[in-house]
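Visitor: What follows is a structure written as structure tokens; I'll ask about it next.
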Amino acid sequence: MTTQAKTTYILTATCTSKLGTVDVVTRFLFENQCYITEMHTFDDTNTCNFFIRAEFTNDADSALGLEELRAKFSDEAERFDMQWAIRDPRTPERVVIMVSKFDHCLQDLLHRYRTGHLNIEIPAIISNHPDLKELADWHGIPYYHFPITADTKPQQEAQVMTVVENTQADLVVLARYMQVLSDDLCTKLQGRAINIHHSLLPGFKGARPYHQAYDKGVKLVGATAHYVSPDLDEGPIITQGIESVDHSHTPEQLAAKGRDTERLTLAKAVKMHCERRVFLDGSRTVVFPGS
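Just so we're on the same page, our numbering is the position in the sequence shown counted from 1, plus 1280.
See the structure below:
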């Protein structure tokens, strides 16, 4: 006798904190013979917002399909004015990657994509330089070279947005894209564009940050992945990583440590986003743990 593979779905929802928010989700799943395999909830007492994420299997003989589940839960969620979604995690996220000349984060994402460690599709890579086209060609991914100057920035960003729309991208990843996005583009991509940058304590801005850090004898290097926002490098944080260093590290070694931390931190942020573990909560995020 063969055992039918179980279908797993992810339900995410957020609403104003009120009595019965957990019950409306768990009771709905129980009544529709769905078995919860993982669940996280958070009630933000400062913003009075409630967040829930539930993974569940739906393998009964009378199991409802995805669209039927969505239709039935819509009625329940309406009573709580919930923003919600139910998705099949087997469907890969469509991710457009933006990059300049540094390739370490791009290389890491491409490796995880090819080996199945990230459940994504990459329909396009966009760059303001031609340098990494050969890499994209090797992976069989369309590469769009859109040069940019201060005068051509609006036109260049319009080209970027056209690619994002035409590829039906779910997410845009700035994998060391060394251009500041305009407020307009940040607004259009709100909640679906992730950036990565170094995090040094204390902070060093401007040119040659690792040389500045070396001169001050830093003991930690790190990286922060966050959603883009009009405030440069100050968007809602998804993940952060740190590595210890000491007096023996040269500026070049500090930068190498930083690159390693950047690629790992960015990959984790992309994974968490694609698994629907990240919720926006004003200027902050709620991030439920995952493997």
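Just so it is clear, CB atoms sit at the ideal spot from N, CA and C, and this is done for glycine as well.
Contact between the stretch 1523–1532 and the stretch 1377–1384 is defined here as three or more beta-carbon pairs at a separation below 8 angstroms; is this criterion met?
Guide: In short, these stretches do not touch, since the Cβ pair count stays below three.
Visitor: Considering only C-alpha positions, which residue in the set Gln1470, Asn1475, Gln1439 is nearest to Arg1456?
Guide: Here residue 1456 is taken as the residue at index 176 of the sequence shown, counted from 1. Considering only alpha carbons, the answer is Asn1475.
Visitor: With C-beta atoms as the reference, is Asp1450 less than 8 angstroms away from Glu1335?
Guide: By 1-based counting over the sequence shown, the position of residue 1450 is 170. By 1-based counting over the sequence shown, the position of residue 1335 is 55. It is not a contact, given that the beta carbons lie outside the stated cut-off.
Visitor: For Glu1555, is the classification buried or exposed, using 16 other Cβ atoms within 10 angstroms of its Cβ as the cut-off for buried?
Guide: What you label residue 1555 is simply residue 275 of the sequence shown in a count that begins at 1. By the neighbour-count rule (16 or more Cβ atoms within 10 Å), Glu1555 is buried.
Visitor: Tell me which residue opens and which closes the beta strand (DSSP E) that Asp1323 is part of.
Guide: Residue 1323 sits at position 43 when you count from the first residue of the sequence shown. It spans 1315–1324 - the beta strand (DSSP E) in which Asp1323 sits, taken as one unbroken run.
Visitor: Could you compute how far the alpha carbon of Pro1510 sits from the alpha carbon of Thr1504?
Guide: Counting from one through the sequence shown, the residue named residue 1510 turns up at place 230. Counting from one through the sequence shown, the residue named residue 1504 turns up at place 224. When rounded, the distance between both Cα atoms is 16 angstroms.
Visitor: Just to check my reading of the structure: Lys1298 and Phe1353 have Cβ atoms closer than 8 angstroms, yes? What is that Cβ distance to the nearest angstrom?
Guide: The residue given as residue 1298 occupies position 18 in the sequence shown. The residue given as residue 1353 occupies position 73 in the sequence shown. That belief does not hold up - the Cβ atoms of Lys1298 and Phe1353 are roughly 17 angstroms apart, past 8 angstroms.
Visitor: Which residue or residues does DSSP assign as beta-bridge partners of Tyr1289?
Guide: Here residue 1289 refers to the residue found at position 9 when the sequence shown is read from its first residue. In the DSSP output, where bridge partners are listed per residue, Tyr1289 has Phe1336.
Visitor: Just mark Cys1328 as buried or exposed, buried being the case when its beta carbon has 16 or more other beta carbons within 10 Å.
Guide: By 1-based counting over the sequence shown, the position of residue 1328 is 48. By the neighbour-count rule (16 or more Cβ atoms within 10 Å), Cys1328 is not buried but exposed.
Visitor: Classify Met1378 as helix, strand or coil using the three-state DSSP reduction.
Guide: Position 98 of the sequence shown, counting from 1, holds the residue named residue 1378. Of the three classes helix, strand and coil, the one that applies to Met1378 here is strand, per DSSP.
Visitor: Report yes if the C-beta distance between Thr1541 and Gly1502 is below 8 angstroms; otherwise report no.
Guide: In the sequence shown, residue 1541 corresponds to position 261, counting from 1. In the sequence shown, residue 1502 corresponds to position 222, counting from 1. Cβ distance < 8 angstroms, so Thr1541 and Gly1502 count as in contact.
Visitor: If the criterion is Cβ atoms closer than 8 angstroms, does the pair Tyr1423 and Ile1402 meet it?
Guide: Position 143 of the sequence shown, counting from 1, holds the residue named residue 1423. Position 122 of the sequence shown, counting from 1, holds the residue named residue 1402. Contact: no.
Visitor: Would you report the Cα separation of Arg1557 and His1478, rounded to the nearest angstrom?
Guide: As a position in the sequence shown, residue 1557 is number 277, starting the count at 1. As a position in the sequence shown, residue 1478 is number 198, starting the count at 1. Straight-line Cα distance between these residues: approximately 23 angstroms.
Visitor: Note down the Cα distance separating Asp1417 from Leu1461, rounded to an integer number of angstroms.
Guide: Taking the first residue of the sequence shown as position 1, residue 1417 is located at position 137. Taking the first residue of the sequence shown as position 1, residue 1461 is located at position 181. Taking the straight line joining both Cα atoms gives about 26 angstroms.
Visitor: What is the DSSP secondary structure of Asp1504, reduced to helix, strand or coil?
Guide: The residue given as residue 1504 occupies position 224 in the sequence shown. Looking at the sequence itself, residue 1504 is Thr, so the reference to Asp does not match. Correct three-state label for Thr1504: strand.
Visitor: Based on the DSSP output, what are the partners of Val1304 in its beta bridges?
Guide: As a working mapping, residue 1304 is identified with position 24 in the sequence shown. Answer by DSSP bridge pairing: none, since Val1304 is not bridged.
Visitor: Mapping DSSP to helix, strand and coil, what is Val1525?
Guide: Numbered from its first residue, the sequence shown carries residue 1525 at position 245. Val1525 falls in the coil class under three-state DSSP.
Visitor: Does DSSP put Val1498 in a helix, in a strand, or in coil?
Guide: Numbered from 1 along the sequence shown, position 218 holds the residue referred to as residue 1498. Val1498 falls in the coil class under three-state DSSP.
Visitor: Got a sec? Which residues, its chain only, sit under 8 angstroms from Gly1471 by beta carbon, not counting five neighbours each side?
Guide: In the sequence shown, the residue the question calls residue 1471 occupies position 191. Result list for Gly1471: Tyr1507, Leu1560, in chain order.
Visitor: Helix, strand or coil: how does DSSP classify Asp1561 here?
Guide: Residue mapping note: residue 1561 aligns to position 281 of the sequence shown, counting from 1. DSSP places Asp1561 in strand when its eight states are reduced to three.
Visitor: If you follow the alpha helix (DSSP H) that Glu1445 is in, where does it begin and where does it stop?
Guide: Numbered from 1 along the sequence shown, position 165 holds the residue referred to as residue 1445. Where Glu1445 is concerned, the enclosing alpha helix (DSSP H) stretches over 1433–1446.
Visitor: Between Leu1291 and Ile1366, is the Cβ-Cβ spacing less than 8 angstroms?
Guide: For the purposes of this step, residue 1291 is identified with residue 11 of the sequence shown, where counting begins at 1. For the purposes of this step, residue 1366 is identified with residue 86 of the sequence shown, where counting begins at 1. Yes; because the gap between Cβ atoms is below 8 angstroms, this pair is in contact.
Visitor: Beta-carbon within less than 8 angstroms of Thr1447's beta-carbon, same chain only, minus the 5 sequence neighbours each way: which residues are those?
Guide: The residue labelled residue 1447 in the question sits at position 167 within the sequence shown. Excluding positions up to five away in sequence, the list reads Arg1374, Val1376, Pro1403, Ala1404.
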